[in-house]
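Right, one structure below, let's go through it.
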Amino acid sequence: MRIRLRIGRPLAFALLSGLWACAAVEQLAPIADGYDQCGDRGRWEAELLQRRAEESQARAFLIETIGRCPDFVPAHLALTELGRAEDGTPNPAVVEFYAGWKGRPGSPLPEFVRARLARNDRDRLEALESAIARDASFYYAYLDLAEVWERSDRIAKVVDAYDKASRAKPDSWRAQLGLARALAQIGRAEDAAGAYAKALEGMPSAEPGFATAAREYAAMLVYELRRPAAAALWLDRLLANRPDEIGLLMDRAAAYWLAGERDRAVSLYRRVLELEPKEARAALNIGNLFFERPERSLEEKRRDWPSARRAYRYFLAHAEDGDAFDVTDRVVTVPLRLRLIDEALGALPPGSPVPKVGEL
Numbered sequence: 008m009r010i011r012l013r014i015g016r017p018l019a020f021a022l023l024s025g026l027w028a029c030a031a032v033e034q035l036a037p038i039a040d041g042y043d044q045c046g047d048r049g050r051w052e053a054e055l056l057q058r059r060a061e062e063s064q065a066r067a068f069l070i071e072t073i074g075r076c077p078d079f080v081p082a083h084l085a086l087t088e089l090g091r092a093e094d095g096t097p098n099p100a101v102v103e104f105y106a107g108w109k110g111r112p113g114s115p116l117p118e119f120v121r122a123r124l125a126r127n128d129r130d131r132l133e134a135l136e137s138a139i140a141r142d143a144s145f146y147y148a149y150l151d152l153a154e155v156w157e158r159s160d161r162i163a164k165v166v167d168a169y170d171k172a173s174r175a176k177p178d179s180w181r182a183q184l185g186l187a188r189a190l191a192q193i194g195r196a197e198d199a200a201g202a203y204a205k206a207l208e209g210m211p212s213a214e215p216g217f218a219t220a221a222r223e224y225a226a227m228l229v230y231e232l233r234r235p236a237a238a239a240l241w242l243d244r245l246l247a248n249r250p251d252e253i254g255l256l257m258d259r260a261a262a263y264w265l266a267g268e269r270d271r272a273v274s275l276y277r278r279v280l281e282l283e284p285k286e287a288r289a290a291l292n293i294g295n296l297f298f299e300r301p302e303r304s305l306e307e308k309r310r311d312w313p314s315a316r317r318a319y320r321y322f323l324a325h326a327e328d329g330d331a332f333d334v335t336d337r338v339v340t341v342p343l344r345l346r347l348i349d350e351a352l353g354a355l356p357p358g359s360p361v362p363k364v365g366e367l
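Numbering (my numbering), first residue to last: 8 to 367.
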């Protein structure tokens, strides 16, 4: 069964991923809690939020925090981004502060900060590697390192950086999510799904990227791993908040299709067309659902193929050129199937009108 909704992620890096999987990777000790703790974290975040409206007050608050907790990374992250220009140029006042800041002896923070204030990726990379040399379990540096490698399309290094970040701090949803997306990019869907599950388990549902991550995970479960029941849990949760989102409805219909629930799948595809009549792929999938098993009996064909013909005719009337699969469906596959249907049921009268959504 071929569900024509979404092209699977490219496997161009399959060989590369296999080599990465076989490589020996050193084990990292979990990161020290000191990088994330400085008294009452929630109270600190609330106070920072109150001061953000006035840059000078926010900067003074962050500098005071760093004075008390020099290894508290959230304060450094906030300060290095405070007042940054649109072109990425750091705030001169922040640069001036860090020019005279030494940090705790042996800490990776001075090099980490230098990386975040660097003007180019070459200097950023050098500083991040220096920070890691001081503490191989400093997962924040691995997260930034992954971003550097992403910009240069060094996917094997991206995977390695996120993997080390996730092992240095297993409860970091950011590390797990980065690892999941990198593994998905090289075609390692099974491993990526495990990382997605860990990321979503620890990721706050209020986080702006939560819905996107859940959608990616659900799509992987449907289209690559063929696990409709697991995908349905996430898709139903997402649809509860966005019941009319076309992409989610298409994904949920595909999950019903894989689970063998044809009527439910068709119902959702019809709903998609009611919301967006030009979403021709929904009509294509209705046609495919009713056309399946062309070797079936003539009685079964007479029962199901009229619905397939209506959906296929609607698809041809509304389809637009897309990827190679879309063109093949429009030019080859669907016309061939319509000829088979005409041979079995008899051709429609010339000039028969294109079916409407309500007739599918």
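The C-beta atom is built at its ideal place from N, Cα and C for all residues, glycine as well.
Note that this is a predicted model, so its numbers are computed, not measured.
- The beta carbon of V364 sits closer than 8 Å to those of R277, L280, E281, P284 and Y321, all from its chain and outside the five residues before and after it, given in chain order.
- DSSP places T340 in no alpha helix (DSSP H); its state is neither H nor E.
- One Cα belongs to A140, the other to A272, and the distance between them is close to 54 Å.
- In the same chain as A237, and ignoring 5 residues on each side of it, the C-beta atoms closer than 7 Å to its own belong to L228, in chain order.
- Ranked by Cα distance from N127, the options L265, A191, A82 and V155 are led by V155.
- Shortest Cα-Cα distance from W51 to any of L296, P81 and R129 involves P81.
- For the pair A163 and A172, the CB atoms are not nearer than the 7 Å cut-off.
- Closest option to R316, judged by alpha-carbon separation, among L275, P99, E366 and E286: E366.
- Rounded to the nearest angstrom, the gap between the Cα atoms of F119 and Q44 is 17 Å.
- The Cβ-Cβ distance between L89 and R66 falls below 7 Å.
- Look at S137 here: in three-state DSSP terms it is helix.
- Counting along the chain, I162 sits inside the alpha helix (DSSP H) bounded by residues I162 to A175.
- Here A225 carries a helix assignment [DSSP, helix/strand/coil].
- Taking 8 Å as the upper bound for CB-CB distance, W264 and L242 are not in contact here, some 13 Å apart.
- The beta carbons of L135 and A122 sit about 5 Å from each other, so the pair counts as a contact at 8 Å.
- A Cβ-Cβ separation of about 5 Å places A326 in contact with R337 under the 8 Å criterion.
- Taking C-alpha positions only, P301 is separated from A260 by approximately 22 Å.
- The beta carbons of A189 and A206 sit no closer together than 7 Å.
- For S114, the CB contacts under 6 Å within the same chain, skipping 5 residues up- and downstream, are D78 in chain order.
- A straight-line Cα-Cα distance of about 15 Å links G49 and A85.
- Taking P362 as the centre and dropping the five residues before and after it, the same chain places the C-beta of R317, R320 and Y321 closer than 7 Å to its C-beta, in chain order.
- Taken atom to atom, the span from the alpha-carbon of Y42 to that of Y147 is near 9 Å.
- Under the DSSP assignment, Q192 falls in the alpha helix (DSSP H) whose first and last residues are W180 to Q192.
- An exposed status is given to N248, since fewer than 16 other beta-carbon atoms sit within 10 Å of its beta-carbon.
- Comparing alpha-carbon positions, the option among A60, R222, V166 and F145 lying closest to K176 turns out to be F145.
- Look at the segment 239–312 and you find these whole runs of alpha helix (DSSP H), each 4 residues long or longer: 253–265, 269–282 and 287–298.
- Apart from sequence neighbours up to five positions away, the residues of its chain that approach P117 with a beta-carbon distance below 6 Å are G110, ordered along the chain.
- Non-local beta-carbon contacts of G95 in its own chain, meaning distances under 6 Å to residues more than five positions away in sequence, are absent.
- Straight across, the Cα-Cα distance linking S212 with E157 is about 26 Å.
- From the listed residues A60, Y149 and R346, the smallest Cα separation to R174 is found for Y149.
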